[in-house]
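Structural data, given as structure tokens:
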């Protein structure tokens, strides 16, 4: 096992048995991953999270008898929640934004190969948000109501130091890594992030990072 890859526990949630069988190969490629369980329905997923305490939940958007987004929302409201990475076939703006609002730590498309998925899982397990390139491009587009302009206006409310910190977060760095990059104490960086979230009217690192992507898309930053 590569010492650079920390071990983590993974729960697979997908309502297709063939897909779940294919995802089991993750542990063959990445021995630091322990697959602790599988689920096909929202109820089974929530029960498994409570009982098995995974570090990461790999979750589909569409499930038997319900929505993966609602599962994510409930998971994230629990104490010490796991990271949640969506793996889906749906490249849909409303679903992507709903996943973000539910607290998702990443959103990947099933068309990616297994090695890319393993790499994404490793990042998410470290606390770094991971979004498919196609997802990021869609979210960075100006919308009919000028979403980019609105994002840019919010970004202008930040101080220079806050913008620098948000730029590091948008690169996928953890709070500690961003603090080191800017020569800050971790607690100071966390206080800055709290102020950033308030000013940007967001609740998670993922929302803040994607707002930054939207605001700076195409301006060379």
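In the working numbering, the protein residues as written are 468 to 688. Glycine residues also receive a C-beta, built at the ideal position from the N, C-alpha and C atoms. A quick note: this is a predicted structure, and the numbers were derived from the prediction, not measured.
- The criterion of a C-beta distance shorter than 8 Å is satisfied by residue 505 and residue 479.
- The three-state secondary structure of residue 475, taken from DSSP, is strand.
- The residue among 577, 576, 585 with its C-alpha nearest the C-alpha of residue 476 is 585.
- The three-state secondary structure of residue 665, taken from DSSP, is helix.
- Of the candidates 508, 523, 568, the residue whose Cα lies closest to the Cα of residue 534 is 508.
- Rounded to the nearest angstrom, the gap between the Cα atoms of residue 489 and residue 501 is 15 Å.
- Residue 633 and residue 645 have their alpha carbons spaced roughly 9 Å apart.
- When secondary structure is reduced to three states using DSSP, residue 628 falls in the helix class.
- Its chain contains 573, 587, 590, 591 as the residues whose beta carbon lies nearer than 6 Å to that of residue 597, once the 5 sequence neighbours on both sides are disregarded; these appear in chain order.
- Around the beta carbon of residue 547, fewer than 16 other beta carbons sit within 10 angstroms, so the residue counts as exposed.
- Counting along the chain, residue 541 sits inside the alpha helix (DSSP H) bounded by residues 535 to 543.
- Residue 565 and residue 527 have their C-alpha atoms some 13 Å from each other.
- Under the DSSP assignment, residue 505 falls in the beta strand (DSSP E) whose first and last residues are 500 to 506.
- In the DSSP assignment, residue 679 falls within the alpha helix (DSSP H) that extends over 672 to 683.
- Excluding sequence positions up to five before and after residue 561, its CB lies less than 7 Å from no other CB in the same chain.
- Residue 550 is bridged by DSSP to 523.
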